[in-house]
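Peer 1: Residue numbers (this note's numbering), protein chains in the order written: chain A, 113 to 573; chain B, 658 to 813.
Cβ coordinates follow ideal geometry from the N, Cα and C atoms, glycine included.
1) Can you pull the chain B residues whose beta carbon is under 9 Å from the beta carbon of residue 481 (chain A), in chain order?
2) What residues are listed by DSSP as bridge partners for residue 555 (chain A)?
3) In three-state DSSP terms, what is residue 322 (chain A)?
4) Below 8 Å, how does it come out for the region 408-424 of chain A and the region 227-239 of chain A: are there three or more Cβ pairs, yes or no?
5) Give, in chain order, every unbroken run of the beta strand (DSSP E) that is at least 3 residues long and sits entirely within the region 455-539 of chain A.
6) Restricting to Cα atoms, I'd like to know which of A:479, A:166, A:183 is closest to residue 213 (chain A).
7) So, at 6 Å on beta carbons, what are the nonlocal neighbours of residue 193 (chain A) in its own chain, with the 5 sequence-adjacent residues on each side left out?
8) Where does residue 405 (chain A) fall in DSSP's three states?
9) Going by beta-carbon coordinates alone, are residue 197 (chain A) and residue 209 (chain A) separated by less than 7 Å?
10) Give me the chain B residues within the contact set of residue 82 (chain A), using Cβ-Cβ distance strictly less than 8 Å, ordered along the chain.
11) Starting from the Cα of residue 348 (chain A), find the closest Cα among A:355, A:360, A:339 and give me that residue.
12) Is it buried or exposed for residue 658 (chain B), if we count other Cβ within 10 angstroms and need 16 for buried?
13) Would you give the residue range spanned by the beta strand (DSSP E) that residue 413 (chain A) belongs to?
14) Using a C-beta cutoff of 7 Å, does residue 197 (chain A) count as contacting chain B?
15) Got a sec: which bits of the region 679-692 of chain B sit with their beta carbon under 8 Å from any beta carbon on chain A, in order along the chain?
16) For chain A, find out if any of its Cβ atoms is closer than 7 Å to the Cβ of residue 773 (chain B); answer yes or no.
17) Output the boundary residues of the beta strand (DSSP E) element that contains residue 777 (chain B).
18) Counting along the chain, where does the beta strand (DSSP E) carrying residue 222 (chain A) start and finish?
19) Once DSSP output is grouped into helix, strand and coil, what is the label at residue 235 (chain A)?
20) Considering only the beta carbon of each residue, do residue 434 (chain A) and residue 251 (chain A) sit closer than 7 Å?
21) How about residue 156 (chain A) and residue 362 (chain A): are their beta carbons less than 7 Å apart?
22) Anything in chain A within Cβ reach of residue 761 (chain B), meaning under 8 Å, just list it in chain order.
23) Give the DSSP-derived three-state secondary structure of residue 418 (chain A) in the structure shown.
24) Is it true that the region 493-502 of chain A meets the region 446-458 of chain A, where meeting means three or more beta-carbon pairs spaced less than 8 Å apart?
25) Within the same chain, show all residues whose beta-carbon is closer than 7 Å to that of residue 335 (chain A), passing over the 5 residues directly before and after it, in chain order.
26) If you measure from the beta carbon of residue 792 (chain B) to each beta carbon in chain A, is any gap under 7 Å?
27) Is the beta carbon of residue 344 (chain A) closer than 7 Å to that of residue 327 (chain A)?
28) Near residue 794 (chain B), which residues of its chain fall below 8 Å by C-beta distance, leaving aside the five closest residues on each side in sequence?
29) Which residues of chain A have a Cβ atom closer than 9 Å to the Cβ of residue 705 (chain B), listed in chain order?
30) Could you compute how far the alpha carbon of residue 690 (chain B) sits from the alpha carbon of residue 707 (chain B)?
31) Could you pull the start and end residues of the beta strand (DSSP E) that residue 188 (chain A) belongs to?
32) Could you check if residue 397 (chain A) is buried or exposed, using at least 16 other CB atoms within 10 Å of its CB as the buried criterion?
33) Against chain B, does residue 486 (chain A) count as a neighbour if the rule is that its beta carbon must be under 7 Å from one of theirs?
34) Sort out for me which residues DSSP pairs residue 680 (chain B) with in a bridge.
35) Do you know how far the Cα of residue 754 (chain B) is from the Cα of residue 406 (chain A)?
36) If the cut is a Cβ gap below 8 Å, which residues of chain B does residue 552 (chain A) touch?
Structure representation (structure tokens):
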């Protein structure tokens, strides 16, 4: 559906908001919303994981009152979530579809929109904040060694090639691996070692996705109604990531399903062992565990594929490590990073709430909020540091009601300093209180974050 | 820069040497380049570099060569590489389950989770001896903390 009755653009350009979900709590009616109703609206489960009491903070976001739909100790029906989100989305102009930002010559930012129905369209974007709330970015790709990101693989390959041949490719997009391998081969520089293996792993992943549609899924995809458990007789589940295990649990619940699942990867950490999901999977006679061995990639042969010696006809990969920017903005971020025109910072309000990470490219402020904001991309956007930071960031020089920093440790500690006492504070642990039963990228914390983002950033411009 | 030393006669006695002062003996958690040391020590007997662990204690030449041949890659991007847990367990004669359990402890950041609820892993080698993600575990047998773990928790 396309409904743009009230775009309120300046000189034909649009204020743009990409993505929905819980971040719609901060939805501003002057912004054109582009969202394809992914994740929770299409989740296979009947409820959110949290109890209504755990979601009580939603009351103060304006998104909706969970107590209207279930008792305090019951889980919130997803039908309520769909109702809230659709109702809020329709408060302003919207497109049911997907958008991807692109920079045109002359530094004009445009959005290429693919509606769910109808022809693709391209619209110019108004300078100022562009809101991006597209949820969790993609997980790590199987076969790419730990410690490497998609972008670092292309950057290393470009250094090796010693030329700008790879410059036109999007270094955040795994689909660039195929063209990169062809360019390297044509240049007589076929890559070996870990970078070569990582490029081949990305190309293999794309190949499998193309060749076996519906049978090669990410952990996120396995949670949705688009995943069909009967598409494969034997699913190989790679990794013990939260998204993948949750997806398998939902596929097991499908009444028409008889498929078997084999989980391969490392032994889960204690938090996973304590999760009821884990107990459920272990108890199922349709689930087998082959843990404790390193998974180095997917092996292709004439009969299909295998992972760590386990053969299957369906693949679900959930390896965590969500390291890149959302795909909707990856091309412009990559280009600006290569051109040296990208400035990045984290914004907090005066109550210490983490609001978004802001990517400033020319006159445009791309504000990534919600679950995506909890996985800020590191080099070259932000620089990783060990240890924690205490206190609060500095006031923003031109918006003194905001606090602004380039230091990711205020948002997420990724490598504690052993000399520190205890776990350092950061938004990732502060914004989702323990009684919420959620994490900082979860539904209620995202709704709270987006509400306060709107108040501090959009309403006070 | 901190240098770690080990008593010739007792592999369980490991010391830190910093600015001409010796501290210790240390427990495993304190054997870290950025750790703070408070109790100066005057160790009795001779000391050797912890880095020389395998050669000093007479491990077979093939094991020493295998440790020396361990490669960590792509230093400019962060180090990856290393050896698999089963391989390390086999070379050093350690029970694979014990090896995996210790490597888990070394590579998981205790008490921290990513915004999705997954544990946070040390996914590249720096001062830690095991690195990993949800695909598995890799070990650097040439790491000083690994040698300390062998000395303090595995023993002879």
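Peer 2: The relevant details are as follows:
1) Here the premise fails: no neighbours, minimum Cβ distance about 13 Å.
2) Answer is none; residue 555 (chain A) lacks a bridge partner.
3) If DSSP states are grouped into helix, strand and coil, residue 322 (chain A) belongs with the helices.
4) No contact exists between the region 408-424 of chain A and the region 227-239 of chain A.
5) Qualifying beta strand (DSSP E) stretches, in chain order: 466-473, 476-480, 515-517.
6) It is A:479.
7) Within the same chain, residue 193 (chain A) has close Cβ partners 152.
8) Note: residue 405 (chain A) maps to coil in three-state DSSP.
9) The Cβ-Cβ distance between residue 197 (chain A) and residue 209 (chain A) does not fall below 7 Å.
10) The shown model of chain A, from 113 to 573, leaves out residue 82 (chain A), and the question about it has no answer.
11) Among A:355, A:360, A:339, the Cα nearest to that of residue 348 (chain A) is on A:360.
12) With fewer than 16 Cβ atoms within 10 Å of its Cβ, residue 658 (chain B) is classed as exposed.
13) DSSP places residue 413 (chain A) in the uninterrupted beta strand (DSSP E) bounded by 410-413.
14) Taking Cβ atoms only, chain B never reaches closer than 7 Å to residue 197 (chain A), which makes this a no.
15) For the region 679-692 of chain B, the beta-carbon criterion of a distance under 8 Å to any beta-carbon of chain A is satisfied by 686, 689, 691, 692.
16) So, interface residue.
17) For residue 777 (chain B), the enclosing beta strand (DSSP E) stretches over residues 776-778.
18) Unbroken beta strand (DSSP E) run through residue 222 (chain A): 220-227.
19) Shown here, residue 235 (chain A) sits in a strand according to DSSP, grouped into three states.
20) For residue 434 (chain A) and residue 251 (chain A), yes; Cβs fall inside 7 Å.
21) Contact: yes.
22) The contacting residues are 378, 379, 381.
23) Judged by DSSP in its simplified three-state form, residue 418 (chain A) adopts strand.
24) Result yes; three or more Cβ-Cβ pairs closer than 8 Å.
25) Closer than 7 Å at the Cβ level, and outside the excluded window around residue 335 (chain A), lie 155, 156, 355, 358, 359, 362.
26) Closer than 7 Å: yes.
27) In this structure, residue 344 (chain A) lies closer than 7 Å to residue 327 (chain A) by Cβ.
28) So the qualifying residues of the chain are 741, 742, 757, 760, 761, 764, 787, 788.
29) Ordered by position in chain A, no residue passes the 9 Å Cβ test against residue 705 (chain B), which lies about 24 Å from the chain.
30) Between residue 690 (chain B) and residue 707 (chain B), the C-alpha separation is close to 13 Å.
31) Start and end: 187-189.
32) By the neighbour-count criterion, in which a residue is buried when 16 or more other Cβ atoms sit within 10 angstroms of its Cβ, residue 397 (chain A) is exposed.
33) True, the Cβ-Cβ gap to chain B drops below 7 Å.
34) When DSSP reads this structure, residue 680 (chain B) sits in a beta bridge with B:673, B:697.
35) Cα-Cα distance, rounded: 14 Å.
36) In chain order: 772.
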